[in-house]
Amino acid sequence: MLRTIIWFIYFWWTAAIPYPTLKRANRLKEEGKNQEYADLVEACTRKWSLGLLKKAGVTVQVQGLEHVPKNEPVLFVSNHQGNFDIPILIGCIPKYKGFIAKVELEKIPIITTWMRHLQCVFMDRSNSRQSVKSIIEGANLLKSGHSMVVFPEGTRSMDGTMGEFKAGALKLATRAKVNIVPVTISGSGKIMEKGSWLIRPQKVSLTIHPLFSTESYKDKDTQKLAEDVETIIKRAL
6 MLRTIIWFIY FWWTAAIPYP TLKRANRLKE EGKNQEYADL VEACTRKWSL
56 GLLKKAGVTV QVQGLEHVPK NEPVLFVSNH QGNFDIPILI GCIPKYKGFI
106 AKVELEKIPI ITTWMRHLQC VFMDRSNSRQ SVKSIIEGAN LLKSGHSMVV
156 FPEGTRSMDG TMGEFKAGAL KLATRAKVNI VPVTISGSGK IMEKGSWLIR
206 PQKVSLTIHP LFSTESYKDK DTQKLAEDVE TIIKRAL
């Protein structure tokens, strides 16, 4: 319980204090200094995420960083086990990227500001029309050169087993014509189990798989592509 209390104090305190960094980020964005802006946001959010993992007693074993392209946008496709998946992916994959996130996260003060700087897209999955708009928005970000992360299960797992991938999530890649990087997260669901706020130390593995090139999937329909990516991710659990 003490670890959980300390973690939440740290979470809100460290999210709120970098106000000068936010001002600098806004200034760089207004001045059109896009690379400096991206580097600043990525460095700040990555440092914060690694701090959250450390305070929670989480260690992450990472395999496959060599599969992350440095100079091109990609769609990271990951399974979803728990609340810590986002800080794990921000902290352990050194690339500026946004997330297709559930719309409820848009209501969290301070955190929303940082997510907007990461160019996250908030999706209301209960509204099919709005979901389509979110996919289009995410695809446009990919086309503009900004990497994105999507969790095709739609929600985090209750027991660590993978849910069925929703093929629509892969339309982000097919619309934008970018490479896909499958990612497997294993063990994160035990840090903060669904339905509980208690934080427990945990060892997590993060596996970054070889990418699916646009050339390799151009002749596949979205359903088949989703099945192939799902199989790759599931094998590493």
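Here the working numbering is used: the sequence shown runs in plain steps of one and ends on residue 242. Note that the Cβ used here is the ideal one computed from N, Cα and C, for glycine as well. Please read these numbers as outputs of a predicted model, since none were measured by experiment.
query: Sufficient close CB pairs (3 or more, under 8 Å) joining the region 65–72 to the region 176–183; result: no
query: Nearest-angstrom beta carbon gap, residue 34 and residue 42 [assumed within contact, 8 Å]; result: 5 Å
query: Residue 187 - partner residues in DSSP beta bridges; result: 82
query: The region 205–217 contacting the region 179–192, beta-carbon criterion three pairs below 8 Å; result: yes
query: Secondary structure of residue 73, DSSP reduced to three states; result: coil
query: Residue range of the unbroken beta strand (DSSP E) whose run includes residue 64; result: 63–68
query: CB of residue 126 within 8 Å of CB of residue 150, strictly; result: no
query: Selected residue, minimal CA-CA separation from residue 53, among 222, 19, 80, 63; result: 19
query: Beta-carbon gap between residue 133 and residue 184 smaller than 8 Å; result: no
query: Residue 106 - DSSP class collapsed to helix/strand/coil; result: strand
query: Limits of the unbroken alpha helix (DSSP H) element including residue 156; result: Neither: residue 156 is in no alpha helix (DSSP H) and is coded neither H nor E.
query: Where residue 212 falls: helix, strand or coil (DSSP); result: strand
query: CB of residue 82 within 8 Å of CB of residue 216, strictly; result: no
query: Contact check, residue 123 vs residue 96, beta carbons under 8 Å; result: no
query: Nonlocal neighbours in the same chain, by C-beta distance under 6 Å from residue 239, ignoring five residues either side; result: 167
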